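For the numbering used here, count along the sequence shown from 1 and bump the result up by 19.
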Amino acid sequence: MGGFDRDWLRLRAPFDDAARDASLTRRLAAVLPDEPRLLDLAAGTGANLRHLSPRLRRPGQRWVLADHDPALLDAAAAEMAACAHPPPAFETRRVDLSRDLEDLDFRLFDAVVATALFDLVSADWMDRFVAALAAAPRPLLVTLSVDGRLRWSPEDPGDAAMRGWIERHQATDKGFGPALGPEAPHRLADALRARGFAVETAASDWIIGPADAAMHLALIEGYRGAALEIAPEGEPSAIEGWAERRRTAARAGTLETLVGHVDIFAEPR
Numbered sequence: 020m021g022g023f024d025r026d027w028l029r030l031r032a033p034f035d036d037a038a039r040d041a042s043l044t045r046r047l048a049a050v051l052p053d054e055p056r057l058l059d060l061a062a063g064t065g066a067n068l069r070h071l072s073p074r075l076r077r078p079g080q081r082w083v084l085a086d087h088d089p090a091l092l093d094a095a096a097a098e099m100a101a102c103a104h105p106p107p108a109f110e111t112r113r114v115d116l117s118r119d120l121e122d123l124d125f126r127l128f129d130a131v132v133a134t135a136l137f138d139l140v141s142a143d144w145m146d147r148f149v150a151a152l153a154a155a156p157r158p159l160l161v162t163l164s165v166d167g168r169l170r171w172s173p174e175d176p177g178d179a180a181m182r183g184w185i186e187r188h189q190a191t192d193k194g195f196g197p198a199l200g201p202e203a204p205h206r207l208a209d210a211l212r213a214r215g216f217a218v219e220t221a222a223s224d225w226i227i228g229p230a231d232a233a234m235h236l237a238l239i240e241g242y243r244g245a246a247l248e249i250a251p252e253g254e255p256s257a258i259e260g261w262a263e264r265r266r267t268a269a270r271a272g273t274l275e276t277l278v279g280h281v282d283i284f285a286e287p288r
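This is how it looks when you write it as structure tokens:
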């Protein structure tokens with residue numbers, strides 16, 4: 020939603036932080052050695068590191084931030100400098116995950132983490148990932164995968180149609196082939212269990228309140244743009260009408276939104 024530019028990542032960060040399931044973070048922390056080396060897939064500007072590192076309580080952490088976007092990776096150092104806590108040691112690595120996933124040697128790491136990634140990938144890519152992880156079994160923490168639950172309050176007559184457009188767009192190619200979208204959490208959990216991992220899941224929903232106008236407006240624009248990309252002739256006016264009504268409610272401080280996500284922790288048996 021809203022692309023993957025730095026402003027959007029910064030805007031969503033507090034909602035991500037509030038949504039993440041703390042118990043699964045503790046489960047990851049419990050299986051790490053004293054000086055763990057962690058691989059963060061699709062790391063962007065390092066939001067996962069900034070959230071997890073103080074909660075893992077391992078002073079000797081070393082992170083590798085892997086992403087295809089050099090601009091985001093270049094911004095990581097500046098984002099870390101603004102942290103409220105000193106960041107651990109980290110390096111960035113530019114990797115095209117869609118093409119070069121197997122070039123990452125999971126044996127070099129004590130855990131693999133990713134956030135807001137797996138709903139973007141295809142079934143084929145997910146199978147490749149799970150096979151690679153099973154070949155070098157490591158703990159995995161995947162956070163904030165959308166699961167299809169999307170509710171606005173108060174309701175609007177256009178909500179059901181918009182949910183349909185959004186789900187259709189979530190299934191389009193995001194660079195990895197046809198995306199799993201809301202199917203991703205249960206597909207990933209099932210695939211990991213089939214490979215012998217013990218898997219725990221937990222809800223990690225965004226709760227966007229009446230005072231969160233900037234987040235509402237960004238989501239509305241993202242949903243509007245996604246729907247317009249794939250809507251047939253005759254639908255745009257309905258989409259624009261929905262977006263305008265929702266913008267009005269957001270600016271008036273009367274809109275609330277729930278965006279459903281799931282966190283997953285998997286541990287080799």
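Positions of the beta carbon are idealized from the N, C-alpha and C atoms, including for glycine. Just so we're clear, the structure is a prediction, and the values are computed from it rather than from any experiment.
- In the three-state reduction of the DSSP assignment, A210 falls in the helix class, which pools H, G and I.
- When the Cα atoms are used, L159 and D24 turn out to be separated by approximately 26 Å.
- L274 carries a coil assignment under DSSP once its states are collapsed to helix, strand and coil.
- Counting C-beta pairs closer than 8 Å gives fewer than three between the region 256-270 and the region 63-78, which falls short of the contact rule.
- The criterion of a C-beta distance shorter than 8 Å is satisfied by A62 and D86.
- Residue nearest to R212 within the set L47, E275 and P287 is P287 (criterion: CA-CA distance).
- Pairing R214 with D122, the inter-Cα distance amounts to about 21 Å.
- Non-local C-beta neighbours of L43 in its own chain, meaning closer than 7 Å and more than five positions away in sequence, comprise L160, E219, A221, D282 and F284, ordered along the chain.
- Within the DSSP secondary-structure output, S223 pairs in no beta bridge.
- With contacts defined as CB atoms closer than 8 Å, V83 and L47 fail to qualify as a contacting pair.
- Along the region 65-107, the alpha helix (DSSP H) occurs as fully enclosed runs of 4 or more residues at 66-75 and 89-100, listed in sequence order.
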